[in-house]
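Participant: Chains as they are written, first to last, in the working numbering: chain L, 5 to 388; chain Y, 5 to 388; chain W, 5 to 388; chain E, 5 to 388.
We put the CB at the ideal spot given by N, CA and C, even for glycine.
I'd like to ask you about the structure that follows.
Laid out in structure tokens, this is it:
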């Protein structure tokens, strides 16, 4: 593992002087190494970013930030990564790209300073996902401190916004709001239906592993509370609802060339997340009453067309289980019409910490820096 | 535990001669002991029946049947019950009441012989749940061998059919088709809405522990396959759908005095069960688009009215988790209208092996024999 | 469940005036109800005490204490018990018997006041387990504040100290130090060998469910940390070691009539506990190098003799699993000599929250008050 | 993932004619691709081999064998690998190296034919682990059909037998008996102590995830049986005991230059494996009574010396958890003397399917073919 091992000595070697300037850095990467910093490296998403980036052939870790840490070995936060020899600091790293994995509201406050240094900002948190600034007080209970950056931010789901992301890489301020875990699974599962204007009534019933709730010690996340139990939570108020509505509505508008009437069903999403006794994985079960009768052949064509060239979305023949994507950046989707009732069921699975967080962030990095999207993400799922 | 301990010697003491005849036995139980046999005692439901009946102050176990067994200690099937000293035999016990817990189609074939001996038959399996004989070839792929008994059978959900069950106890042939686990959770969760004609579009997204799948060794039920994974199964074809549609339709008709038009939404149920990595418990998440706008006060009144006097249905203030009912015969239900979208969400939890199988069977026994319904079922849930 | 339901109004009815005085209360219980209070009712052991005592035919709950609580519904701490209608208060209940389930050092500070009111004190915590006051600073890092009470305290493992417990019930100050969960499993598993002087070298390798660690939110008890992992903890320093050494040594001395030389091996226990991904249950795997060659027949005789009349210790023919005792007060033990190596292996399982905590406390209550030991503890294990 | 994707067309391209002959192939691999076949690819170890080999830059999969399969997509056995497009056949692949992952006795029967074709044989099963042919009838209940190959086989634990493995690569018949999962963890954990003659009495108490038991559907491996339970199994008779005794004895002899008396303790191992409710991972807790008093400094020196240059053995400062190595080829070991008792505790963890099976097999392949041992095994553990 020595090839990938970064020493603590090397962590702060990255300087802006070695870069050709951020814009060029992001677009004309010949064989150059991309320096990357992680702000908020002590959480689960931060740990996954480290794991994935250490296997990325073009990335050099320029620094790992953790609140109130001063040269603390990574083993304190991530014992499984102790062999890396990395350390965590409270300094914000200087790098070509900065990943922020922080509680909501924190990255928004740091963003201006980060982009001013020429770094591309890829926020794993929610601070740059919602286009309408009014959605932040509404769903997240804070006023967005950087609405001008928000206006430039791109929703970082490559399968839907690849071109916008590439365009953002050319800008002075590159800000990517990476999707939430539930929206990633849900939007990829429903986008073909949304674009076709087929979603009438919609209930998204999602099941998640516990790691999505983070690693703050909370009583209801204790093993003894979660094990042998299932419950719904965030009922009617889960913040990811806003993202789903934003994106599904936009897909509907794209599909119908802007005619909102063509796709009235996606105005609101009936989203219900559940906590189940597992660590990783999300299954989004999407119950759709279609706007008109559909055939299976039609559905098959829609999904094949949508994802034919996507390396990380697999349209599968059998209902997917979260175990089929564990540890990988894959999303598997499956869609069927019930011949008895005419309703449509669409299922999608991801690993919430990979395609739902760190893996998608690396995929977005690859888009911004002109690399093949699969770079560093080639690992197959691990099972059983 | 000696008080409850049955010895193998005592297992076959029960004879018809000691009974006053089945009809009287079921209706005028002064302090008399009810003799009970279990056919198919080696499965999970059978084991739970033994566990519960050993704590039932009015029941004497008259015999435990298992295929191809001859005086085999119960420890072979249920090591946790080895202290009972019970044995399992291939003889069908003679008793006041016989519980059958068998693969579909088997109890139907035995039923005539059992009721001919004067025993009340309580089938934990599906053979007497569906009123329309045509539903058996349609959903279960067999022709019902005893349609005349099926015509007399009562759907054994006491909260909905208590009076019919009591009436059945007076008949010569008493046959109770005990509800499936998913239908129990779903119907109790939705009955107040169904009776009020409020269910428009309906998606029932259910999550179950693995014990509901029985204990036949199947590759996809292995620990390594189920653990750290969630998947949907039985998509569009799960047999419990038929029960839900039968009962919800009937509740709708009751509520609207027979006018089917008043409640068109429940014609079909979009039912999707999931297997999650836990052993016991079902959560039914019922996504309802109401037939008209409703207020929370209206919903609260409907549920309070429906379940005020029910000892085993608790209308709760917080969203229920399956852990809240583990090991008990309780069902917890919760219903809310989403003020943002106007949709209604109803949640219900049970322990699939207790209220979803063995506990409900004991509750039904209590109804048939005129005992307080809670007899032998007073145990509180066990947590964590 | 109404029979057992205590209303909040009734919680404080118990007064000393209604008692005949503590000594008589504990020894001449005709059919009288025993009033019981729980101090520290919000933890897992407290919840189990409530669950078990509500099924105890001779007990009335006189009050539930929780720090900084004022008439708070029990559902806040124990949602599964919400149907009881009980409340939690910060007052110390007055009652015939007080169970304390508190962090170490706290019950010791309260004990004098509790026994001064004539209540029998049954401490589920460790404050009265160790006979030598010097063991408290050594193992628990506090000086015992009530050494005179400690001197009168009895180690509350009925299978070993039943007579001493009965004698304690006659005293003015009745104090029972209930055993820890690991010691319960280990001592019951090894006592027959210890008494026979057979334990030479001893390694106790124990595996515990997570509930034994309590419900304080700690990062390393989060589901995502515990799931899919096993680790040893408390290495060389686990406080339960002191109890095991105290009791095994005493058993050895009993067996050899005080000759310490006869049983040198139990001077120290090589105790290693592990945290495994389950909620309840302890398996103690005891690796013994015997002091002399033994035969299986000799071992069988020792165990049969030791536990023939014990309702809660079952000497089993097959290696026990923790699932075999889940939710019950049973301990299962199994002991074999390896014909190849001559070593002896003894295995024991309990439910750490029942026989390892709350159930054993109720068993001790029954001993003190002259009731059959199984009263209120008749429930069979629940499986799967 | 296209770079790694093998098509079914390419699967049988490998022919002996393209090889330079087995001996040279194994020793002078310039940049040449190694063709590899897997016999028994449908089990868990087989699936892991595929996952790892697809990430191996120098390996080409020449064929996957499964009994009674004829061009069956890999998704039937390993849904998580469906994106590979691989198929499984009943033909034995021709390749530079053949991995066999089969029930005991099967690979031994095939071995002669495989090596006759010039393939190196790496058996993941037990057929070539034990040097003494008499151990096969004794522990495995079959007579070894190829004792002459067994005589040439090397025990494939690179950390102990790297040089012998390299020598075997030069032979006409190259046969590697890859270690079992428990022995891998145990031997690596204890080798430094064994070589130093420090192991007096020894109890190895091991805990394993369920995947080690394979994927044959057995009742006691069902989720509902394993979940929330722990049990010992294979008591006194587990076949891996033979390997541990063989290797620890040999290490002792090496350390003492052949004097058996110097290290009498390791003559027999008191080995006790446990099944715990997780999928992957083994923790070996090794309780050692040392042959003489030792200091921690001495132990630290022994372990540092033994594993200083080993890429896959990490001597750690804190007690290891299996989660720290999940999905990786790492083994973590930790060793301490108890200052109170003088006993020594050594702990070791591995992922049973990686370092305990497929990963170790790939490491052995790298040794045989002169590649850096970490090739294809650089992935860090995945957590949480």
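(1) What do you get for residue 283(L), buried or exposed, if any count of 16 or more other CB atoms within 10 angstroms of its CB means buried?
(2) Based on the DSSP output, what are the partners of residue 148(E) in its beta bridges?
(3) Near residue 172(W), what residues of its chain come up, given a Cβ to Cβ distance below 6 Å and the 5 sequence neighbours on each side ignored?
(4) Measuring alpha carbon to alpha carbon, tell me which of 279(E), 251(E) and 170(E) ends up nearest residue 214(E).
(5) Does residue 347(L) have its Cβ less than 8 Å from a Cβ in chain W?
(6) Nearest CA to the CA of residue 370(L): which residue from 103(L), 79(L) and 324(L)?
(7) Check whether chain W comes within 8 Å of residue 385(E), counting only Cβ atoms and requiring the distance to be less than that.
(8) State yes or no: is the beta carbon of residue 291(W) nearer than 8 Å to at least one beta carbon in chain Y?
(9) List, in chain order, every chain Y residue whose beta-carbon is nearer than 7 Å to that of residue 327(L).
(10) Less than 8 Å between CB atoms is the rule here; does residue 344(E) satisfy it with respect to chain W?
(11) Would you grab the beta carbon distance between residue 1(L) and residue 156(L) for me? Rounded to a whole angstrom, and I think it's under 8 Å.
(12) Counting only Cβ pairs nearer than 9 Å, list the residues of chain Y close to residue 55(W).
(13) To the nearest whole angstrom, what separates the beta carbons of residue 90(Y) and residue 55(Y), a pair I think is in contact under 8 Å?
(14) What's the gap between the Cα of residue 295(W) and the Cα of residue 249(W)?
(15) Tell me whether the beta-carbon of residue 335(W) lies closer than 8 Å to the beta-carbon of residue 198(W).
(16) Looking only at its own chain, which residues have a Cβ that is under 6 Å from the Cβ of residue 207(E), when we skip the five neighbours before and after it?
(17) So with Cβ pairs under 8 Å, would you call residue 315(Y) a contact of chain L?
(18) What number of angstroms, rounded off, separates the C-alpha of residue 339(W) from the C-alpha of residue 72(Y)?
(19) Around the Cβ of residue 374(Y), are there at least 16 other Cβ atoms within 10 angstroms (buried) or fewer (exposed)?
(20) Along chain L, which residues have their Cβ under 7 Å away from the Cβ of residue 223(W)?
(21) Which residues mark the beginning and the end of the alpha helix (DSSP H) in which residue 103(Y) is found?
(22) Going along chain W, which residues have a C-beta under 7 Å from residue 295(E)?
(23) So, for residue 380(E): in the same chain, excluding its five sequence neighbours on each side, which residues have a beta-carbon less than 8 Å away from its beta-carbon?
(24) If contact means a Cβ-Cβ distance below 8 Å, which residues of the stretch 270-283 of chain L contact chain Y?
(25) Ignoring anything shorter than 3 residues or poking outside the stretch 295-383 of chain L, list the beta strand (DSSP E) runs there in chain order.
(26) Buried or exposed for residue 107(E), going by 16 or more other Cβ atoms inside 10 Å?
(27) Name the chain L residues whose beta carbon is nearer than 9 Å to that of residue 330(Y)?
(28) Taking 8 Å as the CB-CB cut-off, is residue 356(L) touching chain E?
(29) Along the chain, where does the beta strand (DSSP E) containing residue 69(Y) start, and where does it finish?
(30) Could you tell me whether the Cβ atoms of residue 342(E) and residue 240(W) are closer together than 8 Å?
(31) Please identify the residue among 97(L), 192(L), 368(L) and 243(L) whose C-alpha is closest to the C-alpha of residue 145(L).
(32) What are the start and end residues of the beta strand (DSSP E) that includes residue 204(W)?
(33) Determine whether the beta carbon atoms of residue 66(W) and residue 41(W) lie at a separation below 8 Å.
(34) Taking C-beta to C-beta, are residue 307(W) and residue 337(W) nearer than 8 Å?
(35) Starting from residue 167(E), follow the alpha helix (DSSP H) in both directions and report where the run begins and ends.
Facilitator: On the basis of the coordinates in this document:
(1) By the neighbour-count definition (other C-beta atoms within 10 Å, threshold 16), residue 283(L) is a buried residue.
(2) Residue 148(E) pairs with nothing; no bridge assigned.
(3) Excluding sequence neighbours, residue 172(W) sits near 158 and 178.
(4) The residue with the shortest Cα to Cα distance from residue 214(E) is 279(E).
(5) Chain W, which has no Cβ nearer than 8 Å to the Cβ of residue 347(L), makes this no.
(6) The residue with the shortest Cα to Cα distance from residue 370(L) is 103(L).
(7) Closer than 8 Å: no.
(8) Look at residue 291(W): its C-beta is not under 8 Å from any C-beta on chain Y.
(9) Those are 232 and 233, listed as they occur along chain Y.
(10) Yes - at least one Cβ of chain W is within 8 Å of the one on residue 344(E).
(11) Because residue 1(L) is not part of the residues shown, which for chain L are 5 to 388, the question remains open.
(12) Near residue 55(W) (Cβ distances below 9 Å), the residues of chain Y are 383, 384, 385, 386 and 387.
(13) With a Cβ gap of about 11 Å, residue 90(Y) and residue 55(Y) do not count as contacting.
(14) Rounded to the nearest angstrom, the two C-alpha atoms are 17 Å apart.
(15) No, they are not a contact pair.
(16) Around residue 207(E): 274 and 291.
(17) At a cut-off of 8 Å between beta carbons, residue 315(Y) makes no contact with chain L.
(18) For residue 339(W) and residue 72(Y), the gap between their C-alpha atoms comes out near 32 Å.
(19) Exposed: under 16 other Cβ atoms inside 10 Å.
(20) Per Cβ cutoff of 7 Å: 219 and 221.
(21) Unbroken run through residue 103(Y) is the beta strand (DSSP E), 101-104; no alpha helix (DSSP H).
(22) Chain W residues near residue 295(E): none, gap ~13 Å exceeds 7 Å.
(23) Counting only residues of its own chain and dropping the five nearest sequence neighbours on each side, residue 380(E) has a CB closer than 8 Å to the CB of 56, 57, 59, 60, 61, 62, 63, 366 and 370.
(24) Taking 8 Å as the Cβ-Cβ cut-off against chain Y, the residues of the stretch 270-283 of chain L that qualify are 272, 274, 276, 278, 280, 281, 282 and 283.
(25) Within the stretch 295-383 of chain L, the complete beta strand (DSSP E) runs of at least 3 residues are 317-319, 335-341 and 348-354.
(26) Exposed.
(27) For residue 330(Y), the chain L residues whose Cβ falls inside 9 Å of its Cβ are 232 and 233, in order along the chain.
(28) Chain E places no beta carbon closer than 8 Å to that of residue 356(L), leaving this residue out of the contacts.
(29) Residue 69(Y) -> beta strand (DSSP E) spans 63-69.
(30) Taking the C-beta atoms as reference points, residue 240(W) is found nearer than 8 Å to residue 342(E).
(31) Of the candidates 97(L), 192(L), 368(L) and 243(L), 243(L) places its Cα closest to the Cα of residue 145(L).
(32) Element bounds for residue 204(W): 203-212.
(33) The answer is yes: Cβ separation under 8 Å.
(34) Between residue 307(W) and residue 337(W), the gap from beta carbon to beta carbon is short of 8 Å.
(35) Element bounds for residue 167(E): 162-174.
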